[in-house]
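Trainee: In the numbering used here, the protein residues as written are 66 to 313. Quick reminder that beta carbons are idealized off the backbone N, C-alpha and C, glycines included. All values reported here derive from a predicted model rather than from experimental measurement. Take a look at this one; I'll ask things after.
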Amino acid sequence: MKIKNTTTRRKFLNQLAGSLPALGILPLILHSRTSYSQTSNPLKIGIIGSGRIGGSVGLRWAEAGHEIFFSSRNPDQLEDLVAAGGPKCQAGFPQQAAEFGEVILVAVPYAATPQIGRDYGQLMQGKIVIDCGNPYVQRDGEMAEEALRRGTGVASAEYLPGVRLVRAFNALSWREVQNEAHREGELIAIPLAGDDQEAVAVATQLVIDSGFDPVAVGGLDRAREFDQGTDVYVKGMTAREMRAALNL
Ligand SMILES: NC(=O)c1ccc[n+]([C@@H]2O[C@H](COP(=O)([O-])OP(=O)(O)OC[C@H]3O[C@@H](n4cnc5c(N)ncnc54)[C@H](OP(=O)(O)O)[C@@H]3O)[C@@H](O)[C@H]2O)c1
66 MKIKNTTTRR KFLNQLAGSL PALGILPLIL HSRTSYSQTS NPLKIGIIGS
116 GRIGGSVGLR WAEAGHEIFF SSRNPDQLED LVAAGGPKCQ AGFPQQAAEF
166 GEVILVAVPY AATPQIGRDY GQLMQGKIVI DCGNPYVQRD GEMAEEALRR
216 GTGVASAEYL PGVRLVRAFN ALSWREVQNE AHREGELIAI PLAGDDQEAV
266 AVATQLVIDS GFDPVAVGGL DRAREFDQGT DVYVKGMTAR EMRAALNL
């Protein structure tokens, strides 16, 4: 669901921070989550679609020490998100995020993916692009049916040509990213698929940095195994459980 206006976005941010009523203390509290290890290789990451999942994942990466450029077609609405993320975060338009990032996270309603490819594809050429969009027919229309039939790894590669594509962060919910990152005991697993081994390695590290356990499934043609509607989609599985379910 799109976060339509500033009021709704504020509510979302409050949820993001554990339903804190006073947004003024939000940055302090998020900044205090510094017990997680800091990356030794800070990346510049552009986020196209800074809603529930893009916003939540971006905050986890900022916590780990990455530089985050959140984007929106109305970037003034991202002030609170940037404040929550602290000094490593900034915001602007999607084009600026595509320029800024050595890695880009595309986190938009799936029907917008072809347009992201047309509008920002040139800027993303040769870059690592993590796509977490999920096709839902009720939201995205007929193209979603087609994408699910072909598998999102294959469909997204066609919509985002020339990028080093990895499918990841699609099979867990933003609430898990908000509440379960770095949890005690066995972590929740995040499945990944990609054809470019270096891109998969970078995305794998970004899964770890966000507080989850990566499960490499295979090439882009295997991303369908964790698409919307599969047995491992948003089930909160550990890596052990997910590997068993996927026969890995
Ligand atoms: N919600 C989850 O738990 C979750 C988990 C994993 C994957 N996903 C998938 O991730 C995608 C995003 O989900 P979400 O729940 O985060 O949605 P959301 O809260 O509605 O955020 C989507 C963001 O995409 C941006 N956007 C929409 N159309 C765009 C366009 N044409 N160009 C540029 N930006 C555009 C919007 O930004 P502006 O309007 O501000 O420009 C909006 O903030 C979906 O495909 C969803 O299925 C969601």
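When you measure from the CB of Cys154 to every non-hydrogen atom of ligand 1, does any distance come out below 7 angstroms?
Mentor: Result no, Cβ not under 7 angstroms from ligand 1.
Trainee: Just how far apart, CA to CA, sit Asp141 and Ala310?
Mentor: Cα-Cα distance, rounded: 43 angstroms.
Trainee: By how many angstroms is the C-alpha of Leu188 removed from the C-alpha of Ile113?
Mentor: Whole-angstrom Cα-Cα distance: 12 angstroms.
Trainee: Identify the continuous alpha helix (DSSP H) that holds Phe165 and give its terminal residues.
Mentor: Here the alpha helix (DSSP H) through Phe165 covers Pro159 to Phe165.
Trainee: Considering just the uninterrupted stretch of the alpha helix (DSSP H) at Arg240, what are its terminal residues?
Mentor: Run containing Arg240: Trp239 to Asn244, per the alpha helix (DSSP H) assignment.
Trainee: Going by DSSP, what residue range makes up the alpha helix (DSSP H) through Leu170?
Mentor: Where Leu170 is concerned, there is no enclosing alpha helix (DSSP H), although the beta strand (DSSP E) it sits in stretches over Val168 to Val171.
Trainee: Please confirm whether Asn244 has its beta-carbon closer than 8 angstroms to some beta-carbon of chain B.
Mentor: Considering every chain present, this structure includes no chain B. It has just one protein chain.
Trainee: CA-CA distance, Met302 and Val122?
Mentor: Taking the straight line from one Cα to the other gives about 18 angstroms.
Trainee: Going by the beta-carbon positions, is the gap between Leu285 and Ala268 smaller than 8 angstroms?
Mentor: No, Cβ-Cβ distance for Leu285 and Ala268 is not below 8 angstroms.
Trainee: Kindly give me the distance between the Cβ atoms of Tyr175 and Ala222, rounded to whole angstroms, as I take these residues to be in contact under 8 angstroms.
Mentor: The Cβ separation is near 14 angstroms, so there is no contact.
Trainee: Report the three-state DSSP secondary structure of Ala236 (helix, strand or coil).
Mentor: Three-state result, Ala236: coil.
Trainee: Going by the C-beta, is Gly182 closer than 7 angstroms to any heavy atom of ligand 1?
Mentor: Every heavy atom of ligand 1 is 7 angstroms or more from the Cβ of Gly182, so no.
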